Amino acid sequence: MNKIFDNKQEFTELYRDAVMSISGKSVEAASDLDRFNALAKLVAEKARTVATKSDARATAEGKKRVYYFSIEFLIGRLLDNYLLNFGVRDMVAEALDDMGFDLSVIENQEPDPALGNGGLGRLAACFLDSMAAEGIAGYGNGMRYRYGLFKQEIVNGSQVEATDEWLTHGYPWEVRRQDKAVTIKFGGHVEGFEENGRTFYRTVDTQDILAVPYDIPVVGYAGETVNKLRVWAAEPVEEHFDLEAFNRGDYALADAERAEAEAISAILYPNDAGEHGRLLRLKQEYLFVSAGIYSLLDTFEKEHGANWELLPQFVAIHTNDTHPAMCGPELMRILIDEKKLEWDDAWNIVTQVVSYTNHTILPEALEKWPIGTFSKLLPRVYQIIDEISRRWHESFDTTQEGWQERLRQTAILWDGEIRMANLSVICSHSVNGVAKIHSDIIKNIVLKDFYALTPEKFNNKTNGISHRRFFAEANPTYAKLVTEAIGDGWLKDAFELEKLKEFQNDTEFLKAVGASKRANKERLAAYVKAETGLVIDPNTVFDVQVKRFHAYKRQLMNIMKVMDIYNRRIADPNFHVTPTTFIFSGKAASSYTFAKETIRLINSVADVINNDPRVNEVMKVCFIPNFRVSNAQLIYPAAEISEQISTAGKEASGTSNMKLMMNGAITLGTLDGANIEIADLAGRENEAIFGLTAPEVEQLWASNSYFAWDTLNGDRERLGRVMDELKDNTFAGLSGNFESIYNELMNNNDPDLVMADFRSYVDAWEKLTGSYGDQETWNRKALLNTASSGWFSSDRTIREYRDEIWHA
Ligand code: 73E
């Protein structure tokens with residue numbers, strides 16, 4: 092363990108000086124924010140010192156460097172994580188306590204950067220943590236958005252979006268690296284020129300933007316390796332402040348150029364696996380790709396000279412979904428146009444360096460760009476894509492039967508559009524999905540023609556999560572119990588959690604597991620009370636669904652279950668309901684009406700149920716506003732039921748399922764995404780699995796044998812009642828009824844099979860909560876979930892990427 096402070100005394104002196112230097116005040120006179128900024132500054136300085144050493148070590152040892160390109164990094168707060176990773180968390184807490192301060196109050200001052208939408212962005216952040224923990228020279232490359240994902244407020248039950256001004260009070264972890272800024276060229280036109288008897292191409296009359304990097308240290312567990320996350324901000328290349336316009340009083344025009352440049356990195360697009368097609372998004376994608384590649388080539392050249400043929404030996408570029416799909420063509424462009432390589436040599440390098448992860452098979456999420464828009468914005472990159480496409484066509488063996496269909500499926504340019512997924516597959520040496528079932532669907536359905544041509548490219552890397560952040564840090568009471576039982580080796584090697592299985596029949600230990608859950612439920616209840624005013628009872632079951640709102644994730648089916656239980660309890664006061672708090676949290680894309688209506692429905696149902704004394708003893712509905720990494724860390728540890736109820740075949744992996752499992756929640760879920768692996772590892776008997784399977788869903792649609800109306804008519808009493816309540820006034824009091832949801836289901840034949848799975852879902856819930864009374868058995872299941880969750884540490888995932896894809 093590389094401890095950054097030797098002892099309390101040393102820390103206290105350094106800390107007092109740091110507070111003085113940033114605020115000009117004594118630690119006692121300073122504000123909580125000053126106290127946070129000083130502590131972060133102190134830790135960040137130490138981190139940067141280690142980062143310099145890690146970098147020198149990578150050079151000296153000739154390490155391969157891995158660059159993880161992602162348009163999102165949902166990093167969360169860093170202070171607590173870095174204190175833990177540097178092994179000084181308890182000591183710092185004590186030292187602050189001696190001075191009269193509470194570490195957690197100081198930590199709450201830290202902004203929670205929302206530079207991502209959901210699972211994809213958080214995965215990228217977990218991977219940074221694990222790369223550093225594993226000692227890999229691995230770097231994040233992404234965007235520094237001035238405004239992250241919107242802040243969610245709930246007004247009359249509806250989601251209202253507010254800007255996320257996370258930079259207002261400064262961000263102590265980042266360092267601006269003006270010296271490493273890169274000029275990015277947009278627009279213009281391509282011209283050829285002769286040099287040494289060869290024709291080369293360049294783009295002229297371009298509109299240039301300056302990409303300025305900000306570096307954030309990434310501290311690995313044990314503090315031996317510190318890597319960097321580099322995020323790029325867009326700025327004008329030169330200041331063109333128009334004094335004349337300013338003097339005329341035309342202030343906006345005076346600074347128009349700066350505003351236009353900065354717009355590129357102004358905001359994160361709020362769509363998780365959804366619609367796209369905006370020009371500004373394309374500019375974002377090119378900006379961080381081009382800047383990132385120039386920056387990594389610069390590092391390579393300093394270490395290895397202009398020996399570009401060595402690039403595959405020393406560099407891996409990983410593309411997180413298709414948002415960085417231009418990595419292939421952009422690296423081709425630089426190697427050919429600027430480093431003067433021949434096409435074939437450059438292509439050989441590119442296809443050994445680039446790899447690609449697919450995160451979703453939802454057709455609406457597969458990126459496509461209109462050729463017209465693209466070629467105007469990036470004419471030379473487009474030419475290169477066109478040439479890649481031409482060569483792809485040429486490579487087809489036209490004597491083989493079915494080649495036309497295969498070409499149609501795998502083409503890059505089609506119907507006036509560029510298909511980014513196909514481009515990514517063709518430019519990469521490795522293509523992976525994010526859970527077993529998802530990788531199988533990719534191979535057998537979505538990308539089956541590619542799989543037939545190059546099966547060796549395809550592989551699975553089931554997602555993982557940082558067990559340090561989402562267990563050790565988020566759940567200190569349970570983590571303490573675990574460490575007392577099996578030692579602290581699990582922090583490094585999560586597989587050691589298996590040792591907990593020895594305690595499955597230890598009554599006292601199981602009681603302690605239950606007591607820690609209880610403490611976490613009280614902690615969450617206090618947070619909910621402070622944030623929303625709602626009082627929830629820690630004696631009830633905490634049934635939790637927290638994730639982005641999307642039709643296929645079926646938050647609708649969950650709230651329909653709540654409506655059904657409510658109806659039955661009202662009809663029959665003797666109907667047994669295990670006292671439950673139904674907890675929801677998550678954001679909906681601002682333009683996604685169905686998802687936003689679902690949020691409004693949940694809040695409207697909450698309004699009725701929470702104010703109905705006939706059911707209050709046994710049910711409450713709680714919507715926690717503004718789901719983000721920091722409150723997620725309070726929610727997961729308090730959960731007892733983990734709702735993972737997506738339509739089978741649709742959720743590529745999911746990662747909240749893993750976080751909840753690790754914290755001892757029982758999965759109530761469909762056989763979708765990583766739920767399948769969760770059930771396999773922990774044992775089916777320790778989860779509650781229900782509903783149609785992916786093959787059954789496929790079969791149902793293929794055979795045209797599903798009719799939503801028949802399902803509705805087959806269950807008029809319960810399902811029919813719930814559906815009627817969407818249209819009548821039962822839950823309309825807050826802000827109107829939910830006819831649009833009703834119509835969406837009935838007019839489109841229930842596209843996510845909410846009605847088809849409804850009864851098996853409610854039955855599974857009743858059976859599961861019915862067993863809550865036997866606390867010992869429940870706690871044993873919780874323990875076995877934790878004990879089996881080590882495999883879901885992102886350390887394991889990253890080792891697989893390292894050994895099987897990056898060869899680093
Ligand atoms: O199943 C999740 C998966 O666990 C998947 O929906 C999500 O990625 C997670 C991590 O692998 C995902 N996000 C996006 N696509 N898949 C996405 C697409 C476009 C914009 C933003 C996010």
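Here the sequence shown is numbered in this note's numbering, starting from 92 and rising by one per residue.
Don't be surprised by glycine CBs; every beta carbon is placed ideally from N, CA and C.
No experiment lies behind these values; they were computed from the predicted model shown.
A distance below 8 Å between beta-carbons, with the five flanking residues on each side excluded, links L371 to the following residues of its chain, in chain order: A354, I355. Around the beta carbon of A138, 16 or more other beta carbons lie within 10 angstroms, which makes this residue buried.
Not one heavy atom of the ligand 73E is found less than 6 Å from the C-beta of A739.
Taking the Cα of K583 as reference, the smallest distance to any Cα among M222, K750, D865 is reached at M222.
Put simply, of E330, L359, A147, I358 the residue whose alpha carbon is nearest the alpha carbon of A345 is E330.
Secondary structure at E152: coil, using DSSP grouped into helix, strand and coil. In the structure shown, G861 falls within a helical segment according to DSSP collapsed to helix, strand and coil. Straight-line measurement puts the Cα of I532 at about 44 Å from the Cα of A621. Placement of the Cβ of D123 at a distance of 6 Å or more from every heavy atom of the ligand 73E is found. If you check the C-beta of A382 against the ligand 73E, you find no heavy atom less than 6 Å away. When F541, L334, N172 are compared, the shortest CA-CA separation from F562 is found for N172. Where Q636 is concerned, there is no enclosing alpha helix (DSSP H), although the beta strand (DSSP E) around it starts and stops at 632 to 637. Taking H898 as the centre and dropping the five residues before and after it, the same chain places the C-beta of K155, A407 closer than 8 Å to its C-beta, in chain order. G233 has V322 as its beta-bridge partners, per DSSP.
The count of Cβ pairs closer than 8 Å, one atom from the stretch 861 to 874 and one from the stretch 533 to 548, stays below three, leaving the stretches out of contact.
Under the three-state reduction of DSSP output, K459 falls in the strand class. If you look at R893, you'll find it isn't in any beta strand (DSSP E); DSSP assigns it neither H nor E. Cβ contact annotation for T103 (same chain, cutoff 6 Å, sequence separation greater than five): A186, in chain order.
Taking one beta carbon from each stretch, the stretch 873 to 885 and the stretch 826 to 846 have fewer than 3 pairs nearer than 8 Å; the two do not touch.
G248 sits away from N820, with the two beta carbons spaced by 7 Å or more. Shown here, R267 sits in a strand according to DSSP, grouped into three states. Per the coordinates, the alpha-carbon of M190 lies some 24 Å from the alpha-carbon of T568. C-alpha of S737 to C-alpha of N566: approximately 26 Å in a straight line. Across the set K652, F675, H641, L422, the C-alpha of H641 shows the shortest separation from the C-alpha of Y683. In the same chain as A121, and ignoring 5 residues on each side of it, the C-beta atoms closer than 8 Å to its own belong to V110, S114, A129, in chain order. For G383, the closest alpha carbon among the candidates A151, G167, L301 is that of L301. Where D531 is concerned, the enclosing alpha helix (DSSP H) starts and stops at 527 to 532. Taking 7 Å as the cut-off, the Cβ atoms of I166 and M234 do not count as close. Beta-carbon to beta-carbon, V309 and L219 are separated by about 5 Å, close enough to satisfy the 8 Å threshold.
Taking the CA atoms as reference points, G555 sits about 10 Å from S747.
Note that the stretch 852 to 865 does not touch the stretch 481 to 488; fewer than 3 beta-carbon pairs, one per stretch, sit closer than 8 Å. In this structure Q250 is in contact with K687, their Cβ atoms being roughly 5 Å apart against a cut-off of 8 Å. Looking only at S862, R559, V537, the smallest Cα-Cα distance to F549 is reached by V537. The three-state secondary structure of S557, taken from DSSP, is coil. Remark: the shortest separation between the CB of E742 and any heavy atom of the ligand 73E falls under 6 Å. In the three-state DSSP reduction, H395 falls in the helix class (H, G or I).
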